[in-house]
Amino acid sequence: MRRIAGISAILVLAIALSFFNHRGIAPSDEYLYSFHAWQITTGDFELSPSAFHNRFGQLLPMAFFIWLFGGHPYVLTLWSLLSFLLLLVGLWVLLRKKGSWLPWAAIGLIALNPSLLRLAADVSHDLVATAFSTLAVF
969 MRRIAGISAI LVLAIALSFF NHRGIAPSDE YLYSFHAWQI TTGDFELSPS
1019 AFHNRFGQLL PMAFFIWLFG GHPYVLTLWS LLSFLLLLVG LWVLLRKKGS
1069 WLPWAAIGLI ALNPSLLRLA ADVSHDLVAT AFSTLAVF
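Oh and the sequence shown: position 3 is 971 in my numbering, straight run, nothing missing.
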């Protein structure tokens, strides 16, 4: 029970810090990802020969959340935030057998990392790729 309370506290802290770090959707790549995800939900998306246009690992989950909750800026960054939380929980599960303090120190430091908090509050594929590639290595 103490473990669940501890990891829940760190996850709530990460969500709160990500929430306060949210700046909206910038008019560049983030806007294009959001626009393409919106096009998928409306059925207007067209395939392109550009690899940067067809990033379905980012677009399909965003399209699902847009379909489910609407197009609010916080909904658009939900996939990045969930990837950040998956990274924290995954590392905690992987490191809990190494010692009593190591998993807490690792996810505590990662949860307070400013660059990861910035990516968790952004529409970006960087944190999604980081979370899944880190968990794939272990």
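Every residue gets a Cβ at the ideal spot worked out from N, C-alpha and C, and that includes glycine.
His1004 is the residue among Asn989, Lys1065, His1004 and Tyr999 whose C-alpha sits nearest the C-alpha of Phe1024. For Tyr1042, the number of other beta carbons within 10 angstroms of its own is below 16, and it is reported as exposed.
Taking C-beta atoms under 8 Å as the contact rule, Ala1074 and Leu1063 qualify, at a distance of about 6 Å. Shown here, His1040 sits in coil according to DSSP, grouped into three states, outside any helix or strand. In this structure, the straight-line span from the alpha carbon of Leu1056 to that of Val980 is close to 11 Å. DSSP places Ser996 outside both helix and strand once states are collapsed to three, so it counts as coil. The residue among Ser1048, Leu1015 and Asp1012 with its C-alpha nearest the C-alpha of Phe1100 is Ser1048. DSSP, reduced to helix, strand and coil, places Met1030 within a helical segment of the structure shown. Contact annotation: Leu1015 and Leu1085 have beta-carbon atoms that are not nearer than 8 Å. Unbroken alpha helix (DSSP H) runs of no fewer than 4 residues, entirely contained in the segment 1061-1089, are found at 1070-1079 and 1082-1088, following chain order. The Cβ-Cβ distance between Thr1045 and Ala1031 does not fall below 8 Å.
A residue is called buried when at least 16 other Cβ atoms come within 10 angstroms of its Cβ; Trp1069 does not meet this threshold and is exposed. Between Ile975 and Trp1060 the beta-carbon gap is near 6 Å, inside 8 Å, which marks them as a contact.
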